[in-house]
Amino acid sequence: MAACLFGSCTALADLYDPARLETESLRIAPLIRDAFDGVLAALPPFDRDRADRLRLTIPLDGPDPLYYGARPATGTVVIPVETVLFLEETAALRAILDARGCDRDDLATYAAALLGGGERPDPPLAAFGLPPEEAEASAAARLAVRSLQEQTLHFLVAHQVAHLLRGTARGPSEIHSPGDEISADAYALDLLAAQNRAPGTVDLLFLLELWRMAAGRPAAAGAHPVTAERLDAVSQRLLRDRDLFRAAQTDQVARWELELLAFELRDLAAELRKGTPWPGTGAALPRAGGGPGSACPG
1 MAACLFGSCT ALADLYDPAR LETESLRIAP LIRDAFDGVL AALPPFDRDR ADRLRLTIPL
61 DGPDPLYYGA RPATGTVVIP VETVLFLEET AALRAILDAR GCDRDDLATY AAALLGGGER
121 PDPPLAAFGL PPEEAEASAA ARLAVRSLQE QTLHFLVAHQ VAHLLRGTAR GPSEIHSPGD
181 EISADAYALD LLAAQNRAPG TVDLLFLLEL WRMAAGRPAA AGAHPVTAER LDAVSQRLLR
241 DRDLFRAAQT DQVARWELEL LAFELRDLAA ELRKGTPWPG TGAALPRAGG GPGSACPG
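In terms of the UniProt record's numbering, the sequence shown has 177 at position 177, counting the first letter as 1, and numbering is strictly consecutive.
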């Protein structure tokens, strides 16, 4: 893969300027705290006593733009500002590209370059030549970001709480096992259902990790590896127990969104089993000619 595929690249640089992260933390940190507090409030009675020891820390950045983790020794959930900002931008970018009928191969190429280490492209919107105002003006992008903030962020926090309460959390230098991931997902879905929250854009978390792996990069330290079994487990749970999400019982749109997510995850699992090189893109290999100046984002 070329060293720089989109815009400018900086070797081993931060994805976002520290000053921007400081500014964004004023907006993002309360979202993370609200998610953490909501997850703890939704815990079943038999877990609440043990949850008293859980803590939350919100650093500006982490070892990886997709990092979310825990410190088992202190019972601390770690959600960096950078991670949420990166996911917000990526969710907005994907929504804009989808609304324009674009393939996702350019997005996969970008994610693989970004998460592979070594060279670091510009942040998602800048890499595709999209000013923040354009994302803010897009209804699809706004809905995607809102889903990430109000649903997927809660899943991400609940997943980490599950690891800590189940004793399966790994430190920032360790990789979680597939079995532990499936168990944490199941517990997180229970906690979301207790809050009447759907998982939202959780497929984006899975896709980004899959694209890192598709580029031949090993799972990053502290990562949450994605397997076909993990995707199937979430998909089957959403289809089998969708009535757990009360909104889906009365809201046809909410029910449709839940089913669509389940089917997308099922299809991703099938692609993994077939050995599809770049799952979720509909392409054997992502194009090398996207990004600024390409027909799709422009």
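Glycine included, every Cβ here is placed at the ideal spot set by N, Cα and C. Note that this is a predicted model, so its numbers are computed, not measured.
One or two residues paired with residue i in a DSSP bridge
{"i": "T57", "result": "V78"}
{"i": "A70", "result": "V77"}
Contact belief for residue i with residue j at Cβ below 8 Å, rounded distance in angstroms
{"i": "G200", "j": "Q151", "result": "3 Å"}
{"i": "Y68", "j": "L156", "result": "5 Å"}
{"i": "V158", "j": "V39", "result": "In the sequence under discussion, the amino acid at residue 158 is Ala, which differs from the Val named in the question. With a Cβ gap of about 5 Å, A158 and V39 count as contacting."}
{"i": "L21", "j": "V81", "result": "5 Å"}
{"i": "R230", "j": "E181", "result": "5 Å"}
{"i": "A223", "j": "E209", "result": "7 Å"}
{"i": "R212", "j": "A51", "result": "Actually they do not touch by this definition, with Cβ atoms about 31 Å apart."}
{"i": "P65", "j": "L114", "result": "7 Å"}
{"i": "L153", "j": "A262", "result": "Not really, about 20 Å apart at Cβ, beyond 8 Å."}
{"i": "E264", "j": "D203", "result": "5 Å"}
{"i": "P279", "j": "A214", "result": "7 Å"}
{"i": "A135", "j": "A92", "result": "4 Å"}
{"i": "residue 299", "j": "V77", "result": "Examination of residue 299 is not possible in this model, given that the chain is present from 1 through 298 alone."}
{"i": "L60", "j": "P18", "result": "7 Å"}
{"i": "P72", "j": "G179", "result": "With 8 Å as the limit, P72 and G179 do not qualify as a contact, their Cβ atoms being about 17 Å apart."}
{"i": "R104", "j": "T281", "result": "5 Å"}
Boundaries of the alpha helix (DSSP H) in which residue i is found, first to last residue
{"i": "L260", "result": "Q252 to K274"}
{"i": "V38", "result": "It should be pointed out that residue 38 corresponds to Gly in this sequence rather than to Val. First-last of the alpha helix (DSSP H) with G38: P18 to A41."}
{"i": "S138", "result": "Neither: S138 is in no alpha helix (DSSP H) and is coded neither H nor E."}
{"i": "A214", "result": "V202 to A214"}
{"i": "L231", "result": "A228 to R240"}
{"i": "P45", "result": "P45 to A51"}
The stretch 181–197 in contact with the stretch 160–171 per 3-pair CB rule at 8 Å: With a cut-off of 8 Å, the stretch 160–171 and the stretch 181–197 count as touching, because enough Cβ pairs lie within range.
3-residue-minimum beta strand (DSSP E) runs that sit fully inside the stretch 104–130, ordered along the chain: Counting only runs of 3 or more, we get 119–121.
Inside the stretch 144–179 only - alpha helix (DSSP H) runs reaching at least 4 residues: Qualifying alpha helix (DSSP H) stretches, in chain order: 153–166.
Contact between the stretch 70–90 and the stretch 135–151 (3+ Cβ pairs under 8 Å): When C-beta atoms of the stretch 70–90 are compared with those of the stretch 135–151, three or more pairs fall below 8 Å, so the two segments count as touching.
Segment contact flag, the stretch 92–100 with the stretch 264–273, C-beta cutoff 8 Å, min 3 pairs: Judged by Cβ distances under 8 Å, the stretch 92–100 makes no contact with the stretch 264–273, as fewer than three pairs qualify.
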